[in-house]
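Novice: Just so you know, the sequences run in chain order S and L.
Note that my numbering has the first sequence beginning at 1, numbered continuously upward.
Note that my numbering has the second sequence beginning at 1, numbered continuously upward.
Could you have a look at this structure, given as structure tokens, before my questions?
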Amino acid sequence: MSAPMIEIAGVTKSFGAFPVLKGITASVDKGEVVCLIGPSGSGKSTILRCINGLESYDGGAITIDGARVEHDKPSIIGIRTAMAMVFQRFNLFPHRTALENVVEGPIFVKKEPRAEAMERGRDLLARVGLADKVDAYPGQLSGGQMQRVAIARALAMQPKAILFDEPTSALDPELVGEVLQVMKSLADDGMTMLVVTHEMGFAREVADRVLFLDGGVIVEQGPARDVLGAPSHPRTQDFLRRVLRPI
Amino acid sequence: MQTFLRDATQFLPLLLQGVKFTLIVALGSLALSTVLGLVWALMRVSGIGWLGTIAKVIVNTLRGIPILVQLFYIYFVLPEFGIALTALQAAIIGLGVAYSAYQSENFRAGIEAIDHGQVEAAQSIGMGWGLTMRRVILPQAIRLVLPPYGNIMVMMLKDSSQASTITVAELTLQGTLIASSTFKNMTVYSLVALLYLAMCLPLMGFVSWLERRFGKGTRR
């Protein structure tokens, strides 16, 4: 078996005196879909941001396809082009159209020929169901459409894996489905994905594995149906009960 | 009224000479202050401690000394160190450097107003600092800094009159010379005032045009 795509080994991190990650060890294999769940403040987003070098970490090691992630080394640029990220608040460039958002990385970072990048950009927007919004600015799109543009922008980098940081948490409930649908189709195509989410339905249906994080440690992990269907740890049981039956 | 018109036609060619130098000083120092201001601002937001400190010291020093004193310094003091500038050069450099401090604070405000998520999105597709600034942050910051930039442009045009104190024959100095030799103060200074106004209005129009040009894609 080949080495994991994303390997996290004993990673620790503190914000000042407050420890957020207390020794996280996990890995994501090529083509695997892993969902990270857990209460807010448990360190889910932080671990994702560490993987992409948006955040530094204090101890342990994160390696992407064998390359160590160090947020302040020049090598981080190469790692980031191989590891796309989709944000909770989309973070589209508001001064550029949907297509311009998608081709920005290929043209200016990867130096692809413009015509080629544009053509692929249109294909990607069509793939996420936005063929008719190519020339729309983010301000003219709904939240769900913006997040789908953001996914197309991530795909345009032809990444080895995509990190999703609560991709549907900022969406109106009726727009969540269209984004999850796109993510599911990516998973079906074999994309390696690490997804921080509160969408238990998505995790159950799409994830190969689920990690439950609480207080900066991985409390429980395993196949989605085990962790979500028959959690063994009381903290997981408690969390799932509160998420699935809020009142 | 008739005397006014007669005097006006007589004085206008001389005053227009002054307008030429006013425009040269204003546009020259505007260009210089914009470039320098951007340099100071980028140093401030570079995240490199000592670079930011240098920029901060420069900006605060420039802001803390009257423009007139800076002009005198460049024109009268620098020659003692072997740097002799013509009055026109001294005026452009003096005003440009002095105003770069205000430009810098304006640019910095614009840059820092952009949501940090934009930086993260740019980084996440592999952009380095320079590319992030050029492709993502500055194009968005321009829209924010334009209204105060228009203010600065107008102020600079008017403050170019301070160049008269170091013998640049711009509009104010020409006016003063004519007025003191003819004693037609009202005619001369009314014309001078009108000419400044006539230069400022297109400038304001230009800024509005820029605002529309860079406003595309924004929610209204």
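C-beta atoms are modelled at their ideal positions from N, C-alpha and C, and glycine is treated no differently.
With distances taken between CB atoms, is the gap from serine 14/S to aspartate 58/S smaller than 8 angstroms?
Specialist: It is a contact, given that the beta carbons lie within the stated cut-off.
Novice: Between which two residues does the alpha helix (DSSP H) holding aspartate 188/S run?
Specialist: Run containing aspartate 188/S: 173 to 188, per the alpha helix (DSSP H) assignment.
Novice: Hey, is alanine 109/L's beta-carbon within less than 8 angstroms of any beta-carbon in chain S?
Specialist: By this cut-off, alanine 109/L is not an interface position.
Novice: I need the boundaries of the beta strand (DSSP E) containing proline 19/S, first residue and last residue.
Specialist: Segment 18 to 28, the beta strand (DSSP E) holding proline 19/S.
Novice: Residue range of the alpha helix (DSSP H) that aspartate 159/L falls in?
Specialist: From DSSP, the alpha helix (DSSP H) with aspartate 159/L extends over 138 to 159.
Novice: Beta carbons nearer than 8 angstroms to chain S: which residues of the stretch 129 to 146 of chain L have them?
Specialist: Against chain S - using a Cβ distance shorter than 8 angstroms - the residues of the stretch 129 to 146 of chain L are Leu131, Arg135, Val136, Pro139, Gln140, Arg143.
Novice: Taking the C-alpha atoms as reference points, what is the distance between threonine 332/S and threonine 25/S?
Specialist: With chain S running from 1 to 247 in the structure shown, residue 332/S is simply not present.
Novice: Assess, as a yes-or-no matter, whether the stretch 194 to 203 of chain S is touched by the stretch 34 to 42 of chain S under the definition of 3 or more beta carbon pairs within less than 8 angstroms.
Specialist: Enough Cβ pairs lie closer than 8 angstroms, so yes.
Novice: Does any C-beta atom of chain L lie closer than 8 angstroms to the C-beta of alanine 84/S?
Specialist: Chain L contact via Cβ: present.
Novice: What distance in whole Å lies between the Cβ atoms of threonine 167/L and alanine 87/L, which are believed to be in contact at a cut-off of 8 angstroms?
Specialist: Sure, about 5 angstroms apart at Cβ, within 8 angstroms.
Novice: The beta strand (DSSP E) spanning methionine 83/S covers which residue range?
Specialist: Note, methionine 83/S: beta strand (DSSP E), 83 to 86.
Novice: Would glycine 66/S and alanine 3/S be called neighbours here (beta carbons separated by less than 8 angstroms)?
Specialist: Cβ distance < 8 angstroms, so glycine 66/S and alanine 3/S count as in contact.
Novice: Quick check: what's the CA-CA separation for arginine 219/L versus isoleucine 65/L?
Specialist: Low per-residue confidence applies at arginine 219/L: pLDDT is 49, beneath 50, and the placement is therefore not dependable, though the value from the model is reported in the following sentence. The alpha-carbon atoms of arginine 219/L and isoleucine 65/L are separated by roughly 41 angstroms.
Novice: Could you tell me the alpha carbon to alpha carbon distance between tyrosine 75/L and glutamine 162/L, rounded to whole angstroms?
Specialist: So the alpha carbons of these two residues sit roughly 13 angstroms apart.
Novice: In or out: tryptophan 209/L buried (at least 16 other Cβ within 10 Å) or exposed?
Specialist: Looking at its Cβ environment, which holds fewer than 16 other Cβ atoms inside 10 Å, tryptophan 209/L is exposed.
Novice: For arginine 89/S, which residues in chain L fall below 7 angstroms Cβ to Cβ?
Specialist: Those are Gly117, listed as they occur along chain L.
Novice: Using only CA atoms, which one of Pro202/L, Tyr102/L, Gly47/L, Ile54/L lies nearest to valine 145/L?
Specialist: Comparing Cα-Cα distances from valine 145/L to each of Pro202/L, Tyr102/L, Gly47/L, Ile54/L, the minimum goes to Tyr102/L.
Novice: What is the DSSP secondary structure of arginine 219/L, counted as helix, strand or coil?
Specialist: Note on arginine 219/L: pLDDT 49, under 50, position unreliable in the model; the coordinate value appears next. The answer is coil: DSSP assigns arginine 219/L none of H, G, I, E or B.
Novice: Based on the DSSP secondary-structure assignment, which residues constitute the bridge partners of cysteine 35/S?
Specialist: Cysteine 35/S pairs with Val195/S, Val210/S.
Novice: Taking leucine 12/L as the reference, give the member of Cys200/L, Arg213/L, Met199/L, Leu191/L with the closest Cα.
Specialist: Out of Cys200/L, Arg213/L, Met199/L, Leu191/L, Leu191/L has the C-alpha closest to the C-alpha of leucine 12/L.
Novice: Could you check what DSSP says for leucine 141/S in three-state terms: helix, strand or coil?
Specialist: Residue state, collapsed to three classes: coil.
Novice: What does the alpha-carbon distance come out to for the pair isoleucine 6/S and proline 148/L?
Specialist: Approximately 47 angstroms, taken between the alpha carbons.
Novice: Just to confirm before moving on: does the CB-CB distance between asparagine 101/S and arginine 80/S stay below 8 angstroms?
Specialist: No, the Cβ-Cβ distance between asparagine 101/S and arginine 80/S is not below 8 angstroms.
Novice: Cβ of arginine 219/L less than 8 angstroms from any chain S Cβ?
Specialist: Residue placement at arginine 219/L is flagged as unreliable, the pLDDT there being 49, under the threshold of 50; the coordinate-derived value follows with that caveat. Yes, arginine 219/L counts as interfacial toward chain S.
Novice: Establish whether the CB of valine 128/S and some CB of chain L are separated by less than 8 angstroms.
Specialist: Chain L, which has no Cβ nearer than 8 angstroms to the Cβ of valine 128/S, makes this no.
Novice: Mapping the DSSP letters down to three states, classify glutamine 123/L as helix, strand or coil.
Specialist: If DSSP states are grouped into helix, strand and coil, glutamine 123/L belongs with the helices.
Novice: Below 8 angstroms on the Cβ atoms is my guess for glycine 128/L versus isoleucine 77/S; work out the distance and round it to an integer in Å.
Specialist: So it is a contact: roughly 6 angstroms between Cβ atoms.
Novice: Could you give the first and the last residue of the continuous beta strand (DSSP E) run that contains threonine 63/S?
Specialist: Segment 59 to 64, the beta strand (DSSP E) holding threonine 63/S.
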